[in-house]
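Trainee: In the numbering used here, the protein residues as written are 100 to 231. What follows is a structure written as structure tokens; I'll ask about it next.
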């Protein structure tokens, strides 16, 4: 069960086998809160085939790129611990055809998004991971 304290319904999604190493508890399903962006594992029965990532932002990637970006956001809670996994997850976003930094910038511009962690500060560190 998702335990976020925000008064909003989380966005649940299945985690493909190729991305499970980046999921919390290596779960086969996870959810992201559209307000605080907390990512937590959920029961696989909570997911649907039509993931509503547009509830985060109309420019949030869809499909595997969206799943990889959501998981990368979850990994941002601890850059030191998750550095390698985060780098791999961001590269998975790129391989799936999306620009992770641009998507993150657009997400942070959404007025309804209030990240639980300082993603604006982490964005610079993410850029260094990708291109540094």
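Ideal placement from N, C-alpha and C gives every residue a C-beta, glycine not left out. Since the model is a prediction, treat every value here as computed from it, not as a measurement.
Would you mind sorting residue 210 into buried or exposed? The rule is 16 or more other CB atoms within 10 Å of its CB.
Mentor: By the 10 Å Cβ count, residue 210 comes out exposed.
Trainee: Take residue 175 and list the residues in its own chain whose beta-carbon comes closer than 8 Å to its own, dropping the five residues that flank it on each side.
Mentor: Excluding residues within five positions, the ones whose Cβ falls inside 8 Å are 181, 185, 216, 218, 221, 225.
Trainee: Do residue 203 and residue 166 have their C-beta atoms closer together than 8 Å?
Mentor: No, these two residues do not count as a Cβ contact at 8 Å.
Trainee: Are the CB atoms of residue 126 and residue 114 within a distance shorter than 8 Å?
Mentor: Going by C-beta atoms, residue 114 is nearer than 8 Å to residue 126.
Trainee: Does DSSP classify residue 125 as helix, strand or coil?
Mentor: Residue state, collapsed to three classes: helix.
Trainee: Look at the alpha carbon of residue 200 and the alpha carbon of residue 139, and state the distance between them as a whole number of angstroms.
Mentor: Cα-Cα distance, rounded: 22 Å.
Trainee: Taking the continuous alpha helix (DSSP H) assigned at residue 166, which residues delimit it?
Mentor: Segment 162-174, the alpha helix (DSSP H) holding residue 166.
Trainee: Just the Cα atoms here: how many angstroms apart are residue 187 and residue 193?
Mentor: Answer to the nearest angstrom: the Cα atoms are 10 Å apart.
Trainee: What's the C-alpha gap between residue 227 and residue 104?
Mentor: Looking at the two C-alpha atoms, the distance is approximately 32 Å.
Trainee: Opposite residue 140 in the DSSP bridges: which residues?
Mentor: Note: residue 140 sits in a beta bridge opposite 129.
Trainee: According to DSSP, is residue 111 part of a helix, a strand, or is it coil?
Mentor: Residue 111 falls in the strand class under three-state DSSP.
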